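As structure tokens, the structure follows; a few thoughts come after it.
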Amino acid sequence: MVSACLPGSENLVIRQTIARWSSLQAAIAWSGISVRTLKRFPTERHLVDSGLMTEEEHKMYTTLDSPHGKWFVPIIWIVNILKKAYQQGRIDSIQFDMILKHVYSYRDGFAMLFVYDWIKIPLVYTQVVAIATYGYFFICLIGRQPKINQSGMKNEVTIMFPIFTTFQMLFYLGWLKVGQYLMNPFGEDDDDFELNYILDRNTAIAHLMATDLADQLPTLSEDAMNPSIPHTRASFKIQDIIPKNHLTNFQLSNKDMEMVTSQHLDGTENQNSKEKSNNFWKKNFNRAKKNNVDVPGIGNISETEELTK
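For the sequence shown, the working numbering begins at 3 and goes up steadily by one.
Encoded structure:
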């Protein structure tokens with residue numbers, strides 16, 4: 003969006019700055035919720051050393067006093083540079099509005115991450131689940147011991163293994179560990195989010211889009227596109243089956259496909275239709291009479307019969 007609204011070499015610095023501030027925004031925000039990102043940028047000085055922040059920006063950022071955090075400051079800088087570009091006539095009002103919507107959507111994503119980080123699962127829930135799980139197996143350790151016949155032990159050795167209890171312990175403890183890992187998806191476990199890689203990937207792609215791909219356009223040719231893409235020998239054997247609707251093979255008979263009206267129906271079909279309709283109303287009328295209920299347009303059946311008499 004930025005490259006489309008701010009093309010040309012004269013806007014290269016603006017595109018690069020917006021791309022760098024976007025990565026700076028992610029680095030500052032993720033440092034507050036992810037241990038991996040915090041270890042990568044433990045102080046604000048590390049942001050300068052990594053190239054995400056200049057010395058002037060570092061001075062402005064550190065002198066800013068904000069008791070509620072300063073993770074949103076790069077977004078404000080992006081809005082200000084877009085406002086300046088609009089005032090200089092580099093973008094019109096429609097482009098300015100479209101870019102601002104994407105910037106605010108980008109900011110809202112980080113705000114939701116902080117909300118999820120603030121509102122955690124209450125500690126009492128995790129304690130109850132852990133105590134219940136381990137307490138259950140402690141009780142099973144005593145309660146599921148088999149009763150051994152002492153007289154039979156003189157002649158043979160009895161070996162018993164609690165198979166079902168062992169499977170229960172494996173499943174329940176496994177589910178408990180999975181739940182504990184899911185409580186903090188931004189930790190240092192192998193299955194947690196790789197925010198450092200995401201930051202590197204987004205920074206590289208943003209720089210590529212702001213510089214090399216900003217005004218790159220291949221030469222247009224008049225050759226016709228091949229309507230069918232060829233396969234290799236390996237992929238030809240595993241071609242997917244074309245999906246079909248479940249009514250693809252459904253067919254009606256020639257008689258059922260004829261266009262008819264009530265006048266075109268023969269006497270037998272018309273008579274059967276009338277008989278079905280009369281039987282339906284007669285059945286409902288008798289049921290209403292038996293239950294002494296009101297019928298729309300008629301009223302109470304019993305009262306109607308008395309008035310008729």
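Note that the Cβ used here is the ideal one computed from N, Cα and C, for glycine as well. All values reported here derive from a predicted model rather than from experimental measurement.
Whole angstroms are fine: how far does the CA of residue j sit from the CA of residue i?
i	j	result
K86	T213	21 Å
E59	D99	26 Å
L40	F166	44 Å
P124	V50	38 Å
E260	N251	19 Å
I121	T128	14 Å
H209	Q170	52 Å
K239	E12	52 Å
I303	T263	Reliability fails at I303, whose pLDDT of 49 lies under 50, so the model's placement of it is uncertain and the value that follows must be treated cautiously. Taking the straight line joining both Cα atoms gives about 35 Å.
L184	N247	40 Å
G189	S237	40 Å
For residue i, which three-state DSSP category applies?
i	result
A113	helix
F173	helix
S107	helix
G189	coil
R92	coil
D119	helix
M162	coil
E58	helix
L309	Because the pLDDT at L309 is just 40, under 50, the model does not fix this residue reliably, and the value given afterwards should be weighed accordingly. Looking at L309 - three-state DSSP - the assignment turns out to be helix.
V262	coil
G71	coil
L66	coil
F252	coil
I100	Sequence inspection shows Met at residue 100; the Ile mentioned does not correspond to that position. The answer is helix: DSSP assigns M100 an H, G or I state.
K149	coil
How would you write the range of the alpha helix (DSSP H) that residue i sits in, first residue to last?
i	result
M3	That residue, M3, is in no alpha helix (DSSP H); it is neither H nor E in DSSP.
G145	125-145
P76	75-89
A216	No alpha helix (DSSP H) holds A216; DSSP gives it neither H nor E.
L201	197-212
V37	37-42
H48	46-51
F238	235-238
T19	14-32
Among the options, whose alpha-carbon lies nearest the alpha-carbon of residue i?
i	options	result
V37	K103, S24, T168, P187	P187
Y199	I101, T19, W32	W32
S107	S24, C7, T250	S24
G176	M62, V131, L215, P164	V131
K103	I80, E46, I231	I80
M3	D217, I161, D67, K149	D217
Q351	I244, L219, F163, P245	The first residue shown for the chain is 3 and the last is 311, placing residue 351 beyond what the model contains.
If we call anything under 8 Å between Cβ atoms a contact, is residue i one with residue j?
i	j	result
P76	I35	no
L84	I96	no
S5	R22	no
T135	L178	yes
L26	L54	yes
T64	E46	yes
D73	F43	Contrary to the premise, residue 73 reads as Trp rather than Asp in this sequence. No, they are not a contact pair.
I93	L8	yes
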